[in-house]
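A.B. asks:
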Amino acid sequence: MIELTRVSKRFGDETAVNDISLRVPKGEFCALVGTSGCGKSTTLRMINRLIEHSEGDITLDGQSIGAYDPVRLRRRIGYVIQHTGLFPHWNVVRNIGLVPRLLKWSTADVQARVEELMDLLGLPVVEFSHKYPHQLSGGQAQRVGVARALAADPDILLMDEPFGALDPITREKLQEELAKLQARLHKTVVFVTHDMDEALKLADHLVVMREGRIIQQGSPLALLQHPSDPFVESMLGGLERGLKQAALTRVKDHMTSMGPTLPAQSRIPVNFSLRQALSMMLRDHTDRLTVVDQHDVPIGDLSLRRVIKEAQLDKGSIRE
Amino acid sequence: MSLLDAMPTPRIRWKGRHPNVVLVSLSLIMLVAFWAFDVVSMAPNRIVSGTGYGALEAFGWPGTLLATLLLVTIGVVAWQPSHRHYRALIVAVVLLMVLMPVGLIASSYLLIDPELPQARLGLGAAYWVVLFVLLLCLIEIRLRLNLTRFWPTLLLCGVALVWWLCAALWLDSLALVQEYNARNQLFLTAIGQHLRLVGIAVSSSVVLGLLLAMLMRRYARLQKGAFAVLNFLQTIPSLALFGLLLAPLAWLASNVPFLAQLGVSGIGTTPALIALIAYSLLPMVRNTYTALEEVSPDTLEAAKGMGMRAGQRFWQVRLPLALPVLLEGVRITTVQAIGLTAVAALIGAGGLGTFIFQGLGQAAMDMVLLGALPILALALVVDASLGALAEALRPGGAQ
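So the sequences go chain by chain: L and B. Be aware that the first sequence starts at 1, since it is given in this note's numbering, and climbs by one per residue. Be aware that the second sequence starts at 1, since it is given in this note's numbering, and climbs by one per residue.
Printed below as a string of C-alpha cells:
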C-alpha cells in the first residue's frame, strides 16, 4: 500500500506539488491524469525518491520512505518511463536482468526469471534475447521496459507515461496487455498519463490533477457520473462523457433475457461494451440487438429504450 | 489502383551512367604529371644533387606505354561507370601501385652505371603525384561502392608489403633504401624512442584527462578555468614551449639533486614529455568531458530509478556509453602526438624527428623522408585502428 499524506514539493519559489493526499491500496491500479506540468510526474518520482518531497509524509506499507535507503527502495519498486530508458549498450536479456543482478541473484535464477518475463510479455526468447534496443520497434522496446520493471517481482510498479511515445495501434494493444497482466499479477500500480481514455480503460482509481493539486479522485465511473468541476468535465471529454461511460459498461449488465419477440438481425457478443453496442445500433439503424455468447448462440436482448430507462433510474437513485 | 501505382516509376540513376567527373579528372592529372614531371632523379653520389629523368628515359618504351595505357583506362572506364566497372577500377589502381616499385627496379637497371656503386636513385615529382592521386581514386571508388574501410585498408597493406619486398630485395640503389641501410640500427632505435614518447604522453594524458574531466563534472567552476588554461597551452607554438621549459627545468635539475637523479634536465626526454602531455590534454579532456556529458539523461534517469548506485551508474552506464567519443579523443590525441614528437628531436629527445632535422641540415632530402614517411605511416595506422575500435564499441555493435 502506498499512502501520501499532505505532500508538497517546492522547487525554489515554485510549488510543483501542493498538499496532496492519496491512498493506493495493495493491488490497486491508480492513474494520475492531468495536463503537462500539473505535477503528476513529480508526484510519481517522489514515491521512489528520485525527487525528495518537501513536506508531508509518504509511506509504503505503513513505513515512511525516508526510513529506507533510496537505492534499496528503488530496487523494490518497478519503474517504467516514457522513452523506455533501456540501456543501448546491453542486449534484451541483460536489460531485463538488471535489478535481479543488482540484488545479487544467482546467474541461473536471473536467466530463468528473464525467460519467464519474456514469455509473459510476448517476446520469443530465441528471437529477442540477443537483440539490442535500437533493433526493436517502439512497442517491443516498451515490452522490454515493462519486463525490466517486473524483473525482481516488486509489489509496486510506477509507470510514467509508458505508452506516450507509441503509435495509437501499438498503444492500444499494450494497454490491453497491461490490463490482462494486472488482472494476473495484482501489482500496486501508480500510472501517470495525460490520455484520459487510457486512464479510464486501465484504472481502478482515477486522480485528476491540476497545477500541483488533486482536483478530484475516485473510481472512473464515479468521476464520469459526477465530475466535480468544469475542468474535470472537460478532461473527461465534455459531451463525449456519455460514450466514455458507456465504454466502461458491459452489455451483460443491461441485457434482458430472450423475449417472445423475434431475435433482432444485429448480433453483439456479450462481453462487448455498451459503447460498441450503441455504435452498432447507429450503424444498423436499429434500437434492438441480439446478445450472443462466445459460440454465437443468442442468449439475450439489448434494447436502447431499456438502457436509457436504467440510466435514468441510476441517476435518480443517486439523487435521492 | 492507387495514386502511387499511377505515377511513372522513377528511372534508376545507375543506368543513366553519368561520367564520374572526379575519377576522369584524377586520371587526367596523373597522365599530365606522368608525362610532364621527372619520374626519377639520379645522382652519382650523396653530395651531388641529382639529374631528373622523364618516363621514357626511366622506364623505356614498354614501361611507359603500359603505365600510360593503365592511366588512360581509368579515365575511359570512369566515363560510363557501372558497379562492375568500379570493381575493375580498383584492380587497375592496385595494379598501378604494385607496378610503381617494379618501374623503379627497371629504371635502376636502365639508368645506373654499374661502375658507380655510390649512385643513387631518387623519386621524382611524378611518382609522388601519381601515388597521392591513386590514393584519392581509391577513396572515391570506396565511396561509390559503399565499401567499409576494411577492404581498402587490407589492399593498401598488401601494396605496402610488395613495396617493402621490392625495396629490400632489388632496390639497393634507391636513395631512401641507402639512407636506411646506412643507419638501420639508428632507425630502429629512433622508432622505439618515438613510440615510447608517444606512448607515455598519450597514456598519461588519458589518465589525467579522465581525472580532469571527472573533476570538471563535479566542480562546475573548475570547468571554465581549466579549459581556458588548456586552450592557452594549445596556442603556444611547440618550439616555443620547448624553449620555455628549457630554463626552469635546467634550474630545477641543478638545484634539486633528487630531480636530476630522476633524469630531469633542460633538454632531453623530460621537457619533451611535459610539452607533449600539455598539448595532448586539451583534445583529451574536451572529448572525455563531452563524451561523459552527452550520455542520454533518460538512460541515466532509468539507471537511477532501477536502483543503481552512483558508482554502478558511472562504470556500467555512463562510461561504456561515452567510450566511442572518448576513444575518438584518444585517436586525435595520438595522431597529434605522433606529429609533435618529431619536433621533440630538436631538444634531444630522439625519435624519428632526428632524421628530419639532420637531413634538413645536410640538405639530404632522402634522409628527411626516412624520418617523415614512418611518421606518416604511424599516424595512418593509429588513425585507422583506433577509428575501427571506436566503431566496434558503438552501443549494440551498430548505430
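The beta-carbon is built from N, C-alpha and C at its ideal position, and this holds for glycine as well.
#1: Output yes or no for whether 8 Å exceeds the beta carbon distance between Ile74(B) and Leu23(B).
#2: Where are the beta strand (DSSP E) runs, 3 residues long or more, that stay fully inside the stretch 94-163 of chain B, in chain order?
#3: Compare the C-alpha of Leu111(B) against each of Val39(B), Gln80(B) and Leu161(B) and name the closest.
#4: Excluding the 5 residues preceding and the 5 following Arg171(L) in the sequence, name in chain order all residues of the same chain whose CB lies nearer than 6 Å to its CB.
#5: Any beta-carbon of chain L closer than 8 Å to the one on Thr299(B)?
#6: Under three-state DSSP, which class holds His226(L)?
#7: Does the Cβ of His186(L) have 16 or more other Cβ atoms within 10 Å, making it buried, or fewer, making it exposed?
#8: Can you find a CB in chain L that lies within less than 8 Å of the CB of Arg313(B)?
#9: Would you report the Cα separation of Arg210(L) and Pro220(L), rounded to the nearest angstrom?
#10: Which whole runs of the alpha helix (DSSP H) in the stretch 229-291 of chain B are 4 residues long or more, in chain order?
#11: List the whole-angstrom C-beta distance separating Val297(L) from Val270(L), where the pair is believed to meet the contact cut-off of C-beta under 8 Å.
#12: Is Arg49(L) helix, strand or coil when you go by DSSP?
#13: Please report how far the alpha carbon of Leu86(L) lies from the alpha carbon of Lys252(L), in whole angstroms.
#14: State yes or no: is the beta carbon of Val71(L) nearer than 8 Å to at least one beta carbon in chain B?
#15: If we ignore side chains and look at the alpha-carbon of each, how far apart do Ser280(B) and Arg217(B) end up?
#16: Strictly under 8 Å for the Cβ-Cβ distance: is Ala302(B) near chain L by that measure?
#17: If we ignore side chains and look at the alpha-carbon of each, how far apart do Gln414(B) and Asp366(B) end up?
#18: Hey, would you say Leu282(L) sits closer than 8 Å to Thr249(L), going by beta carbons?
#19: Just the C-alpha distance for Val102(B) and Leu131(B), rounded to the nearest angstrom, thanks.
#20: Of the residues that make up the stretch 315-336 of chain B, which ones have a beta carbon closer than 7 Å to any beta carbon in chain L?
#21: Given the structure, does His134(L) come close to the ligand MG, in the sense that its CB is under 7 Å from one of the ligand's heavy atoms?
#22: Output, in chain order, the set of chain B residues within a Cβ distance shorter than 8 Å of Tyr79(L).
#23: Return the bridge partner residues of Leu157(L) from the DSSP annotation.
#24: Within 10 angstroms of its Cβ, does Gly325(L) collect 16 or more other Cβ (buried), or is it exposed?
#25: Assuming Ile20(L) is part of the alpha helix (DSSP H), what are its boundary residues?
#26: Are the CB atoms of Ala278(B) and Leu323(B) nearer to each other than 8 Å?
#27: Which bits of chain B does His53(L) rub up against, with CB to CB less than 9 Å?
#28: Please classify Ser41(L): does DSSP put it in a helix, a strand, or coil?
#29: Under 8 Å Cβ-Cβ, which residues of chain B neighbour Pro162(L)?
#30: Under 8 Å between C-beta atoms, does Pro25(L) make it to chain B?
#31: In the DSSP assignment, find the beta strand (DSSP E) that holds Arg183(B) and state where it starts and stops.
#32: By the DSSP assignment, the alpha helix (DSSP H) with Thr341(B) in it spans what residues?
#33: Less than 8 Å between the beta carbons of Gln217(L) and Leu224(L), yes or no?
#34: Nearest CA to the CA of Val192(L): which residue from Gly12(L), Thr35(L), Gly139(L) and Pro70(L)?
#35: Can you tell me which of the three DSSP states Met209(L) falls into?
#36: Using a cut-off of 7 Å between C-beta atoms, extract the partners of Val99(L) located in chain B.
C.D. replies: To lay it out plainly:
#1: Contact check for Ile74(B) against Leu23(B) passes: the beta carbons are separated by less than 8 Å.
#2: Runs of the beta strand (DSSP E) inside the stretch 94-163 of chain B: 120-123.
#3: Among Val39(B), Gln80(B) and Leu161(B), the Cα nearest to that of Leu111(B) belongs to Val39(B).
#4: Result list for Arg171(L): Phe163, in chain order.
#5: Yes, Thr299(B) lies at the interface with chain L (some Cβ there is under 8 Å from its Cβ).
#6: It is coil, neither helix nor strand.
#7: His186(L) comes out exposed.
#8: With 8 Å as the cut-off, Arg313(B) does not count as an interface residue toward chain L.
#9: Per the coordinates, the alpha-carbon of Arg210(L) lies some 17 Å from the alpha-carbon of Pro220(L).
#10: Runs found: 238-255 and 257-262.
#11: About 10 Å; that fails the 8 Å criterion.
#12: Here Arg49(L) sits in coil by DSSP.
#13: A direct Cα-to-Cα measurement between Leu86(L) and Lys252(L) gives close to 42 Å.
#14: Using beta-carbon distances, Val71(L) counts as an interface residue toward chain B, with a partner under 8 Å.
#15: If I take the Cα positions, the gap works out to 20 Å.
#16: So yes, Ala302(B) belongs to the interface.
#17: There is no way to answer for residue 414(B), as the model of chain B reaches only from 1 to 399.
#18: Between Leu282(L) and Thr249(L), the CB-CB gap reaches or exceeds 8 Å.
#19: Those two C-alpha atoms are separated by around 14 Å.
#20: Those would be Val317, Pro320 and Leu321, in chain order.
#21: Ligands in the displayed structure: none, and consequently the ligand MG is not present.
#22: Taking the beta carbon of Tyr79(L) as reference, the chain B residues within 8 Å of it are Ala302, Gly305 and Met306, listed in sequence order.
#23: Gly78(L) and Val189(L).
#24: What the structure shows of chain L is the stretch from 1 to 320, and residue 325(L) is not part of that stretch, so it cannot be assessed.
#25: Per DSSP, Ile20(L) lies in no alpha helix (DSSP H) segment; the continuous beta strand (DSSP E) that holds it begins and ends at Glu14 to Val24.
#26: Between Ala278(B) and Leu323(B), the C-beta gap is not smaller than 8 Å, which leaves the two residues out of contact.
#27: None at all; the shortest Cβ gap to chain B is about 16 Å.
#28: Helix.
#29: The contact set of Pro162(L) on chain B, defined by CB atoms closer than 8 Å, is empty, because the minimum CB distance reaches about 12 Å.
#30: Any Cβ of chain B closer than 8 Å to the Cβ of Pro25(L) would place that residue at the interface, and such an atom is absent.
#31: For Arg183(B), there is no enclosing beta strand (DSSP E), as DSSP marks it with neither H nor E.
#32: Per DSSP, Thr341(B) belongs to the alpha helix (DSSP H) from Leu319 to Ala344.
#33: No, they are not a contact pair.
#34: Per the C-alpha coordinates, the member of Gly12(L), Thr35(L), Gly139(L) and Pro70(L) positioned closest to Val192(L) is Thr35(L).
#35: Residue state, collapsed to three classes: strand.
#36: Neighbours of Val99(L) on chain B, chain order: Met306 and Gly307.
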